[in-house]
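> Note that my numbering numbers the sequence shown so that position 28 is 590, with each residue one more than the last. Note that CB positions come from ideal geometry on N, CA and C, so glycine has one too. Remember, predicted model here, so these are calculated numbers, not experimental data. Just passing along the structure, written as structure tokens.
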Amino acid sequence: NVTSIDPPPPRPLEKIERDIEETDLALDIDAPESDKVSPISELDVPVEEYSREEDIESEVPKGREEAVADSEMGGEGAFMAIGAGGGASGMFGSRSGGGKKRALGRFGGSKGSENAVDAALRWFKKHQGPDGQWNVTSYPTNCTENPKCEPGAHAHGGDANMACTGYAVLCFLGAGYDHRMPSKYKATVKKGIDWIVANQKGDGLLGERNYELGVAAMCLAEAYAMSNDPALKDPAQKAINVILQRQTKEANGGYGLAWDYVAPNPSRNDSSVSGWCVMALKSAMGAGLSVGDGMTGAKNWLKKCWEAANPDFKNLKDPYKDLSWFPYCWDSLTGKCDGTRGSDAGHDLTPVGALVAVFTGHHQGDIMLETLLNHVMKFQFPATYPCNTYYMYYNTLSVFQAGGDRWKKWNDTCRDMLVNSQRKSQDCFDGSWDFTGTKFPGHEVGRLLSTAYCCLSLEVYYRYVQVAGKDGKGAAKKEAPKDAPAEK
563 NVTSIDPPPP RPLEKIERDI EETDLALDID APESDKVSPI SELDVPVEEY
613 SREEDIESEV PKGREEAVAD SEMGGEGAFM AIGAGGGASG MFGSRSGGGK
663 KRALGRFGGS KGSENAVDAA LRWFKKHQGP DGQWNVTSYP TNCTENPKCE
713 PGAHAHGGDA NMACTGYAVL CFLGAGYDHR MPSKYKATVK KGIDWIVANQ
763 KGDGLLGERN YELGVAAMCL AEAYAMSNDP ALKDPAQKAI NVILQRQTKE
813 ANGGYGLAWD YVAPNPSRND SSVSGWCVMA LKSAMGAGLS VGDGMTGAKN
863 WLKKCWEAAN PDFKNLKDPY KDLSWFPYCW DSLTGKCDGT RGSDAGHDLT
913 PVGALVAVFT GHHQGDIMLE TLLNHVMKFQ FPATYPCNTY YMYYNTLSVF
963 QAGGDRWKKW NDTCRDMLVN SQRKSQDCFD GSWDFTGTKF PGHEVGRLLS
1013 TAYCCLSLEV YYRYVQVAGK DGKGAAKKEA PKDAPAEK
């Protein structure tokens, strides 16, 4: 392990000011594979078209229409909210073209937030290793500028290099950059994807634990969905198959449940691990890959774990005031829940419960989703940076999907908090976010991880089509399959 050190402060004389408050968007007109500063075209939002060449709507799908529009259930019956009725572009359709501009204008993005995203992508690009990976300890040596960023540390076992490479590529994909369409980041994305595929084991495993497996599998699934690259279909499907094989089943051989670190374990359904596995399955569905009954199992786990953590769930009636939470771990054999309700140190996994609720079909007005989000707003609102960036990433996704006044309040604070706290200086740190004080277990992985969580949070406006809240145009909820667990 490498001990993290505090970064040196930015040099005040080289401070770079980035616009923050404007709601009009500055768009780079980028020459493919060029690092030159591009001319700026000021456009008022909302607008119908992009001016960037690489962001013109592609003929390749951004999430398979047949996977997300024909049936909200997908696969073999798991209800899928994100992307349902998403049309020809599916769940990833807002990442590029006019859809991206409309999403930014509609949901509260700003010129400052988009500038911050691109600054983060530039930071990732200049810290990528020559072999395509983002190495937790050696990434600073890839940058030619000084002073250098601090090395991170491998935390809690597993393969942090696989995870961080997956996170970095997800940031590019989330902003609409894949490895096939011409853009200034095309080569960067391709090298990252190639490294992930080259390091995949014969059985499809990516990394060692289900943490990095979920992140990297999600990355391959989204890259395949966005690019329609046939070379990625088999690696992505094999990774998803490993996730399905490692999913815990109920002791009586019934429905699926959640995930532990590696092997199925009915006495330890780990919410943190499971959140990444569910996100990977969600992205796989958007890519038209087979997820079996994995999401049905996830829905079963969500319901039973939530009820175990909230034994008074039948008395939850008020969607505006009542609160519920989601635990760190749940023992399906004894019903015991582990975690600290209201904790800001990473063992109150209400953010995961809320996002899984969205991904399994819970919409605005649903008592489970509403009470989980009430808890988030009371105990986990990110008013200042540094904050728990793990919580922030999950909560930004789920609050955005629920929409309404909650999202406006969240975005009005979180967006500019992130823009203002990004490092702005002409050195190795420019475009990144500090990780000291970000609290959650594993934050010592370092700057790669904190920058990924913050960048992905600022991409929320267009990363996934909004369907769960009243601000979206989600399709009407369809009936669950007859063999799915009944809702109470």
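So, using beta-carbon positions, are I802 and L851 closer together than 8 Å?
Result yes, Cβ atoms of I802 and L851 sit closer than 8 Å.
> What's the gap between the Cα of A779 and the Cα of A842?
Cα to Cα, the separation comes out at about 6 Å.
> In this structure, how does DSSP classify K971 when only helix, strand and coil are distinguished?
If DSSP states are grouped into helix, strand and coil, K971 belongs with the helices.
> Could you check what DSSP says for G625 in three-state terms: helix, strand or coil?
Confidence at G625 is low in this model, with a pLDDT of 48, below 50, so the placement of that residue is unreliable and no value is reported for it.
> Could you give the residue range of the alpha helix (DSSP H) that holds Y947?
That residue, Y947, is in no alpha helix (DSSP H); it is neither H nor E in DSSP.
> Determine whether the Cβ of P797 lies closer than 8 Å to any Cβ atom of chain D.
Annotation note: the requested chain D is absent from the structure, which comprises a single protein chain.
> Under 8 Å by Cβ, that's how I've got Y1023 and A722 pegged, so tell me the actual separation to the nearest angstrom.
With a Cβ gap of about 29 Å, Y1023 and A722 do not count as contacting.
> Rounded C-beta distance between W838 and G776? I'm assuming under 8 Å.
About 3 Å; that satisfies the 8 Å criterion.
> Counting only the same chain and skipping the five closest in sequence on each side, list residues whose C-beta sits under 8 Å from that of T699.
Within the same chain, T699 has close Cβ partners V564, P713, G714, A715 and H716.
> With burial defined as no fewer than 16 other Cβ atoms inside 10 Å of the residue's Cβ, what is the status of L895: buried or exposed?
Exposed, since its Cβ has fewer than 16 Cβ neighbours within 10 Å.
> State the DSSP-derived secondary structure class of G818, mapped to helix, strand or coil.
Strand at G818.
> Under 8 Å, with one C-beta from each stretch per pair, do the region 976-989 and the region 677-695 reach the 3-pair mark?
Short answer: they touch.
> Sort M847, A813, Y890 and N814 by Cα distance to K795 and report the nearest one.
Answer by Cα proximity: M847.
> How is the alpha helix (DSSP H) around Y773 delimited, first residue to last?
Segment N772 to S789, the alpha helix (DSSP H) holding Y773.
> Could you spell out the range, first to last residue, of the alpha helix (DSSP H) harbouring K1001?
K1001 -> no alpha helix (DSSP H), and no H or E assigned at all.
> Pick from H937, N708, A749 and M724: whose alpha carbon is nearest that of R968?
The shortest C-alpha separation from R968 is found at H937.
> Which residue or residues does DSSP assign as beta-bridge partners of N831?
Answer is W892, bridged to N831.
> Mapping the DSSP letters down to three states, classify K663 as helix, strand or coil.
Three-state DSSP puts K663 in a helix.
> Secondary structure at S675, three-state DSSP: helix, strand or coil?
Looking at S675 - three-state DSSP - the assignment turns out to be helix.
> Suppose the cutoff is 8 Å on Cβ atoms and the five residues either side in sequence are ignored; what does the same chain contact list for A813 look like?
Hits under 8 Å: P828, S894 and L895.
> What three-state label does DSSP hand K811 in the structure shown?
Residue state, collapsed to three classes: strand.
> Would you say Y817 and T750 are within 8 Å of each other, going by their C-beta atoms?
Going by C-beta atoms, Y817 is not nearer than 8 Å to T750.
> Grab me the residues of E584's own chain with a C-beta within less than 8 Å of its C-beta, minus the 5 sequence neighbours each way, in chain order.
Note that E584 scores 42 on pLDDT, short of 50, meaning its location in the model is unreliable and no value can be drawn from it.
> Determine the contact status of V530 and Y956, defining contact as a CB-CB distance below 8 Å.
The structure shown does not extend to residue 530, since the chain is modelled only from 563 to 1050, so the question has no answer here.
> Check D989 in the structure and name its three-state DSSP category.
In the structure shown, D989 sits in coil (DSSP, three-state: anything other than H, G, I, E or B).
> Taking the DSSP output, what are the residues bridged to D693?
DSSP, once it has assigned bridges, lists no residue as partnering D693.
> Who does D910 pair with in a DSSP beta bridge?
DSSP output for D910 lists P889 as bridge partner(s).
> Determine the DSSP secondary structure at C867, reduced to helix, strand or coil.
Helix, per DSSP.
> Under three-state DSSP, which class holds C1016?
Three-state result, C1016: helix.
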